[in-house]
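Notes for the one structure printed next.
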């Protein structure tokens, strides 16, 4: 891979060869992420996530299913710190609109 040479500073900046490095980084992060899925039936919902333990990770410590309120849940895949930011935003905007 060619060095980004500063073209990865913003997701709207193209490199001289027409690449957007921020988009490529995001795609690679998604490829390395675990699966999250939600299913709805007439009786309720099921939310499931894949747990992939890393070498230095303490088992059962990573939370990937979050509750926004009594009626809204989020299943996260990918970079969990980013997911936590999105969950916090969802909680904030949900409170602001109710």
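Numbering (the UniProt record's numbering), first residue to last: 1 to 98.
Heads up, the beta-carbon is just placed ideally off N, CA and C, and yes, glycines get one too.
Exercise. Tell me where the beta strand (DSSP E) around residue 80 begins and ends.
Key: For the purposes of this step, residue 80 is taken as the residue at position 80 of the chain shown. Element bounds for residue 80: not the beta strand (DSSP E) but the alpha helix (DSSP H), 80-97.
Self-check item: Contact check, residue 76 vs residue 30, beta carbons under 9 Å
Solution: For the purposes of this step, residue 76 is taken as residue 76 along the chain shown, with counting starting at 1. For the purposes of this step, residue 30 is taken as residue 30 along the chain shown, with counting starting at 1. Judged by beta-carbon spacing, residue 30 lies beyond the 9 Å limit of residue 76, meaning their Cβ atoms are not closer than that value.
Practice problem: Starting from residue 27, follow the alpha helix (DSSP H) in both directions and report where the run begins and ends. | Solution: Along the chain shown, one-based indexing puts residue 27 at 27. 21-32 is the extent of the alpha helix (DSSP H) around residue 27.
Practice problem: Given a cut-off of 9 Å, decide if residue 47 and residue 39 are closer than it, judged by their beta-carbon atoms. | Solution: In the chain shown, counting from the first residue as 1, residue 39 sits at position 39. In the chain shown, counting from the first residue as 1, residue 47 sits at position 47. Yes, they are a contact pair.
Quiz item: Can you tell me whether DSSP reads residue 65 as helix, strand or coil?
Solution: As a working mapping, residue 65 is identified with position 65 in the chain shown. In the displayed model, residue 65 falls within a strand according to three-state DSSP.
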